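Report on one structure; see the data block that follows.
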Amino acid sequence: MLYLYVSVDYRRAWETILYVSDDPAGPWEYRGFVLKTGEPYDAKEARDIVVDIIDGTYFMFYKAQREKSRK
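Read the sequence shown against our numbering and you will find it ends at 109, with the numbers running on by one and no gaps.
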């Protein structure tokens, strides 16, 4: 099984979605959002994801940006 994570500009923020396939040539099946923004620590951006699996544990690293406070 192959996994493809894509960061997209969605509703004025970056979101990361997942596609899966058994063959690099496709077809690729959409599986939904993997990383959504909205928490204070990544409210504006969450993108450029890197996912690794080590001994059955998933690790995700990504860039994020806090939303500027509105004062």
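Yeah, the Cβ is synthetic: ideal placement off N, Cα and C, and Gly gets one too. Because the structure is a prediction, the values reported are computed rather than measured.
- No residue range can be given for residue 75, since it is assigned to no beta strand (DSSP E) and is classified by DSSP as neither H nor E.
- Under the three-state reduction of DSSP, residue 66 is assigned to coil, being neither helix nor strand.
- Relative to residue 104, the option among 85, 92, 94 whose CA is nearest is 85.
- With contact defined as three or more Cβ pairs closer than 8 Å, the stretch 42 to 54 and the stretch 67 to 76 are in contact.
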